[in-house]
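This report concerns only the one structure given below.
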Ligand code: PMV
């Protein structure tokens, strides 16, 4: 029985994917841009299995394995079927995954999870040398569109594509280009109340949804330029506009979705205070309550110390720009 293990990182979106023109195929309505993280990763081990059933496990942080919930199992099986179909194979697998950061709190666990699963399955099917654009498209088909960005390192753009045509994500700058830091203030652990798939589905019901789409070309251009010029002054304000608009749309969708917790607001306030004190730190959130504070390396320790001292903050994760997924020699089982 051969085993393949891949670690794939989470990513934090500067311009968010929110709303799809075809949710089943994860065809987005807008282009998105993200930074791939370094330390927040999902590890996935896949072993080929005789028989006609897949086995799916979660590796527990302190050893041992547990069975994942039915929805997660369904999505993993679906992605394995898709990978088998792609590789014209009947092969069944034993799969285990482990996250080294809290799952589903808006920390992109589905992006890293499905990127790792897709890459490990490609390896287990003997197709590990597939071009990255094709692997990005396969990761997207998992239903977690942002997984298409997590197969790449550095700074990544996922274009919207056109009509029926999807576009793979592509790297716009590598991890060494700009030493940005992401100080994540964790104010809430545990699964979010409404999965992002449902958020995408409801997004067009918000009266502000169409307006954001109008504003996006200019924001995307600014973010591309900010990355090219390594300008946090240019990036920061767009980061916060995007984060607030995502949540504005969620809160005004029908029915509404409130991802924020009281701690979210407290952290946003602190980030403003930090800026008033002269530290260039800017906040963004994905579909969850936790806040990613983007800053440069020189500000990182001060930002982390301040956030850690807050009552509302459970703990802080200090992350940076990562170079993308890697194959591991050590397996989860
Ligand atoms: O990839 P999904 O379907 O989990 O959606 C991701 C949604 C956000 O994290 C809020 C934004 C993004 O682009 O990562």
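Numbering (my numbering), first residue to last: 18 to 350. Beta carbons: idealized from backbone N, C-alpha and C, even for Gly.
Please report the straight-line C-alpha distance between residue i and residue j, rounded to a whole angstrom.
i, j, result
"residue 96", "residue 135", "8 angstroms"
"residue 336", "residue 169", "16 angstroms"
"residue 310", "residue 340", "20 angstroms"
"residue 150", "residue 293", "42 angstroms"
"residue 228", "residue 38", "16 angstroms"
"residue 233", "residue 29", "17 angstroms"
"residue 207", "residue 301", "19 angstroms"
"residue 164", "residue 328", "33 angstroms"
"residue 142", "residue 322", "45 angstroms"
"residue 216", "residue 261", "15 angstroms"
"residue 58", "residue 343", "10 angstroms"
"residue 81", "residue 275", "35 angstroms"
"residue 115", "residue 194", "29 angstroms"
"residue 331", "residue 287", "15 angstroms"
"residue 75", "residue 137", "15 angstroms"
"residue 189", "residue 240", "11 angstroms"
"residue 223", "residue 22", "41 angstroms"
"residue 121", "residue 210", "Residue placement at residue 121 is flagged as unreliable, the pLDDT there being 47, under the threshold of 50; a coordinate-derived value is accordingly withheld."
"residue 54", "residue 244", "15 angstroms"
"residue 350", "residue 246", "44 angstroms"
"residue 236", "residue 70", "46 angstroms"
"residue 333", "residue 68", "44 angstroms"
"residue 306", "residue 320", "18 angstroms"
"residue 171", "residue 197", "10 angstroms"
"residue 103", "residue 84", "27 angstroms"
Helix or strand or just coil, what does DSSP make of residue i?
i, result
"residue 301", "strand"
"residue 278", "coil"
"residue 19", "coil"
"residue 352", "Since the first and last residues shown for the chain are 18 and 350, residue 352 lies out of range."
"residue 313", "strand"
"residue 111", "strand"
"residue 336", "strand"
"residue 350", "coil"
"residue 306", "coil"
"residue 127", "helix"
"residue 247", "coil"
"residue 211", "coil"
"residue 26", "strand"
"residue 146", "coil"
"residue 238", "helix"
"residue 38", "strand"
"residue 330", "coil"
"residue 121", "A caution first: residue 121 carries a pLDDT of 47, below 50, which makes its placement in the model unreliable, though a value can still be read off. Of the three classes helix, strand and coil, the one that applies to residue 121 here is coil, per DSSP."
Within 7 angstroms (strictly less), CB to CB, does residue i reach chain B?
i, result
"residue 240", "The structure shown contains no chain B; it holds only a single protein chain."
Report task. Assess, as a yes-or-no matter, whether the stretch 29–45 is touched by the stretch 155–169 under the definition of 3 or more beta carbon pairs within less than 8 angstroms. Result -> yes
**Report entry** Ranges of the beta strand (DSSP E) found wholly within the stretch 40–90, counting only runs of at least 3
**Finding:** 49–66, 72–76
Query raised in the report: Where are the alpha helix (DSSP H) runs, 4 residues long or more, that stay fully inside the stretch 148–209, in chain order?
Result: 149–157, 164–167
Query raised in the report: Can you pull every residue whose C-beta falls closer than 5 angstroms to some heavy atom of the ligand PMV, listed in chain order?
Result: 30, 33, 34, 49, 127, 161, 162, 163, 213, 303, 304
Requested in this report: Flag this pair as touching only if the stretch 244–254 and the stretch 272–282 have three or more C-beta atom pairs under 8 angstroms; answer yes or no.
Outcome: no
Requested in this report: Decide if the stretch 103–118 is in contact with the stretch 56–64; the criterion is three or more beta carbon pairs, one per stretch, under 8 angstroms apart.
Outcome: yes
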